[in-house]
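Below is one structure, written out as structure tokens; the observations come after it.
Numbering (my numbering), first residue to last: 38 to 454.
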């Protein structure tokens, strides 16, 4: 089963395949269900390509991903429930979250001339740090620290659910005790622009390379630019070895107080100057959030933004699911007739609010009016933010694209390369 080729099997273990979500060089991802357990809801089934089943190197990475991921149980890490084998093909059964990657959200915002609200960026980064710390602290059967390093923290590997969830995903190239020595000498795994200097120079690596990478992600969320963008491969390698980080406050004037210093510490070229753990970074970000934006409701703000920017695509992809699975992913919350924004009477600022459940059988005229009002307010906000941002919005190139007639590949964040 090569890239783009669908499996002819309809079941893997106790899971029935419903439809294909995405495919890449390593695996194909399907949405699945447990026919014998209708209440279970949808699952993501990641199936290694058939032509790789005899490739020991590929199988090793696939199985190692499972052995690490299945141990991690944290709300900010996408759950892996099972590693299975069917007719010689290995598969992973994983948590399904209806949403999009952070890369997709940033790309959609850029296309609209908009930017991520700065405190929401801080909140998302803090939640990723929380999940990352859980992975770093993973222990083995006898309580020994496994020294897991993710090594591929990037916007593509942060999943955002339409109900405000933040999930770190893809431990396919993670490094752990007992596995580290199997990486070939000089071999680099991951995305260059998110790598710490010691990672590209072949030095000793520890959890602080993930702290650095998360710093790059936060920098990109705040600036709506790519770190080291527009460079040739050789220039990029030089820039990563000796990073010169532009202060986000020179790019936008609403960078939250205290956050820039936290961010620059995370991006320190010398790892000794970075926070020594993702937990320390999380504490610093949450402290800045609490001190400057008390009462900020991250899940509500994220859920509102997801519906505002990606709602039509997420609704369309949910509508293609069987009715019971569509209900399980919360399709009612994606209905376009639900108001998603209001203007604060005192400040005049547009505020995105969590949608109320859609009431079937309501006044159709009122629902249409509410929908029109929500669209007007969303357009007004887009114009206001575009005017503030001027030409600063940078159109991301090479991020995950819309697929299947414009619908988002909700799980395109998975390791498919």
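Beta carbons: idealized from backbone N, C-alpha and C, even for Gly.
Assigned secondary structure, residue 314 (DSSP; H/G/I helix, E/B strand, else coil):
If you number the chain shown from 1, residue 314 lands on position 277. Residue 314 falls in the coil class under three-state DSSP.
Residues that DSSP places opposite residue 105 in a beta bridge:
One-based indexing of the chain shown puts residue 105 at position 68. Looking at the DSSP assignment, residue 105 forms no beta bridge with any residue, so it has no partner.
If you drop the 5 nearest sequence neighbours on each side, which residues of the same chain put their C-beta closer than 6 Å to that of residue 368?
By 1-based counting over the chain shown, the position of residue 368 is 331. Cβ neighbours of residue 368 beyond the five flanking positions: 355.
Go through its chain and collect everything with a Cβ distance to residue 251's Cβ below 8 Å, but skip five positions before and after it.
Along the chain shown, one-based indexing puts residue 251 at 214. Within the same chain, residue 251 has close Cβ partners 162, 165, 166, 169, 190, 303, 315 and 318.
For residue 145, the first and last residue of its enclosing alpha helix (DSSP H)
Here the question's residue 145 lines up with position 108 in the chain shown. Run containing residue 145: 139 to 148, per the alpha helix (DSSP H) assignment.
Residue 274 lies in the alpha helix (DSSP H); which residues open and close that run?
As a first step, residue 274 is located in the chain shown; it is residue number 237 there, counting from the start. 270 to 278 is the extent of the alpha helix (DSSP H) around residue 274.
Could you tell me which residues DSSP puts in a beta bridge with residue 49?
Counting from one through the chain shown, the residue named residue 49 turns up at place 12. In the DSSP output, where bridge partners are listed per residue, residue 49 has 52.
Going by DSSP in three states, residue 175 sits in which element: helix, strand or coil?
The residue given as residue 175 occupies position 138 in the chain shown. Correct three-state label for residue 175: coil.
Could you pull out every residue in the same chain whose Cβ sits closer than 8 Å to the Cβ of residue 297, ignoring the five residues on either side in sequence?
Working through the chain shown from its first residue, we reach residue 297 at position 260. Result list for residue 297: 284, 285 and 286, in chain order.
Considering only DSSP beta bridges, list what residue 123 is partnered with.
Taking the chain shown and counting its residues from 1, the one referred to as residue 123 is at position 86. Residue 123 pairs with 126.
Cα-Cα separation between residue 363 and residue 61, rounded to whole angstroms
Numbered from its first residue, the chain shown carries residue 363 at position 326. Numbered from its first residue, the chain shown carries residue 61 at position 24. Cα-Cα distance, rounded: 25 Å.
DSSP three-state call for residue 190: helix, strand or coil?
The residue given as residue 190 occupies position 153 in the chain shown. Of the three classes helix, strand and coil, the one that applies to residue 190 here is coil, per DSSP.
Distance CB(residue 230)-CB(residue 274) smaller than 8 Å
As a first step, residue 230 is located in the chain shown; it is residue number 193 there, counting from the start. As a first step, residue 274 is located in the chain shown; it is residue number 237 there, counting from the start. Cβ distance not < 8 Å, so residue 230 and residue 274 don't count as in contact.
Sorted by chain position, which residues of the same chain lie with C-beta nearer than 7 Å to residue 145's C-beta, five sequence neighbours on each side aside?
Counting from 1 along the chain shown, the entry for residue 145 is found at position 108. Only 346 and 347 meet the Cβ criterion.
Considering only DSSP beta bridges, list what residue 64 is partnered with.
Taking the chain shown and counting its residues from 1, the one referred to as residue 64 is at position 27. BP columns for residue 64 point to 85.
Comparing C-alpha positions only, which one of 131, 109, 151 and 116 sits nearest to residue 174?
By 1-based counting over the chain shown, the position of residue 174 is 137. Looking at the Cα atoms, 109 is the closest of the given residues.
Excluding five sequence neighbours on each side, which residues of the same chain lie with their C-beta closer than 7 Å to the C-beta of residue 155?
In the chain shown, counting from the first residue as 1, residue 155 sits at position 118. Excluding positions up to five away in sequence, the list reads 259, 291, 292 and 293.
C-alpha gap between residue 199 and residue 88, whole angstroms
As a working mapping, residue 199 is identified with position 162 in the chain shown. As a working mapping, residue 88 is identified with position 51 in the chain shown. Straight-line Cα distance between these residues: approximately 35 Å.
Between residue 349 and residue 370, what straight-line distance do the alpha-carbon atoms span, to the nearest angstrom?
In the chain shown, counting from the first residue as 1, residue 349 sits at position 312. In the chain shown, counting from the first residue as 1, residue 370 sits at position 333. Each residue's CA atom was taken as its position, placing residue 349 and residue 370 some 12 Å apart.
Quick one: give me the first and last residue of the alpha helix (DSSP H) that residue 342 is part of.
For the purposes of this step, residue 342 is taken as residue 305 along the chain shown, with counting starting at 1. Judged by DSSP secondary structure, residue 342 falls within the alpha helix (DSSP H) whose first and last residues are 335 to 356.
Cβ neighbour criterion (16 or more within 10 Å) applied to residue 313:
As a first step, residue 313 must be located in the chain shown, where it is residue number 276. Its Cβ having fewer than 16 others within 10 Å, residue 313 is exposed.
Secondary structure of residue 57, DSSP reduced to three states:
As a first step, residue 57 is located in the chain shown; it is residue number 20 there, counting from the start. Note: residue 57 maps to strand in three-state DSSP.
Using CA atoms only, rank isn't needed, just tell me which of 282, 341 and 307 is closest to residue 238.
Here residue 238 refers to the residue found at position 201 of the chain shown. Closest by alpha carbon: 307.
Closest Cα partner of residue 100 within the set 127, 78 and 115
One-based indexing of the chain shown puts residue 100 at position 63. Answer by Cα proximity: 127.
Could you tell me the boundaries of the alpha helix (DSSP H) in which residue 254 lies?
The residue you call residue 254 lines up with position 217 of the chain shown. For residue 254, the enclosing alpha helix (DSSP H) stretches over residues 245 to 260.
Please report the residue range of the beta strand (DSSP E) in which residue 298 lies.
Locating residue 298 in the chain shown gives position 261, where the first residue counts as 1. Looking at the DSSP string, residue 298 is not in any beta strand (DSSP E); the run it does join, the alpha helix (DSSP H), is 296 to 303.
Alpha carbon to alpha carbon, how far is residue 254 from residue 271? Give it in angstroms, no decimals.
Translated into positions along the chain shown, residue 271 becomes position 234. Translated into positions along the chain shown, residue 254 becomes position 217. Cα-Cα distance, rounded: 22 Å.
Just to confirm, are residue 134 and residue 158 a CB contact at a threshold of 8 Å?
Counting from 1 along the chain shown, the entry for residue 134 is found at position 97. Counting from 1 along the chain shown, the entry for residue 158 is found at position 121. No, the Cβ-Cβ distance between residue 134 and residue 158 is not below 8 Å.
Determine, using beta carbons only, whether residue 66 and residue 83 come nearer to each other than 8 Å.
Indexing the chain shown from 1 puts residue 66 at position 29. Indexing the chain shown from 1 puts residue 83 at position 46. Yes, Cβ-Cβ distance for residue 66 and residue 83 is below 8 Å.
So, residue 249 versus residue 102, is the Cβ gap smaller than 8 Å?
Within the chain shown, numbered from 1, the residue matching residue 249 stands at position 212. Within the chain shown, numbered from 1, the residue matching residue 102 stands at position 65. Not in contact: residue 249 and residue 102 (Cβ atoms no closer than 8 Å).
Residue 237 - containing alpha helix (DSSP H), residue span
What you label residue 237 is simply residue 200 of the chain shown in a count that begins at 1. First-last of the alpha helix (DSSP H) with residue 237: 234 to 237.
For residue 241, does the count of other Cβ atoms within 10 angstroms reach 16, so buried, or fall short, so exposed?
Numbered from its first residue, the chain shown carries residue 241 at position 204. By the neighbour-count rule (16 or more Cβ atoms within 10 Å), residue 241 is not buried but exposed.
Neighbourhood of residue 160 by C-beta, 7 Å cutoff - its chain only, sequence neighbours within 5 removed
The residue labelled residue 160 in the question sits at position 123 within the chain shown. Excluding positions up to five away in sequence, the list reads 326, 333 and 335.
Would you please state the rounded distance, in angstroms, between the beta carbons of residue 357 and residue 261? I believe it to be under 8 Å.
In the chain shown, residue 357 corresponds to position 320, counting from 1. In the chain shown, residue 261 corresponds to position 224, counting from 1. Between residue 261 and residue 357 the Cβ distance is about 31 Å, and since that is not below 8 Å, they are no contact.
Can you grab the Cα-Cα spacing for the pair residue 121 / residue 310, in whole Å?
The residue you call residue 121 lines up with position 84 of the chain shown. The residue you call residue 310 lines up with position 273 of the chain shown. Whole-angstrom Cα-Cα distance: 43 Å.
DSSP state of residue 165 mapped onto helix, strand, coil
Counting from 1 along the chain shown, the entry for residue 165 is found at position 128. DSSP places residue 165 in helix when its eight states are reduced to three.
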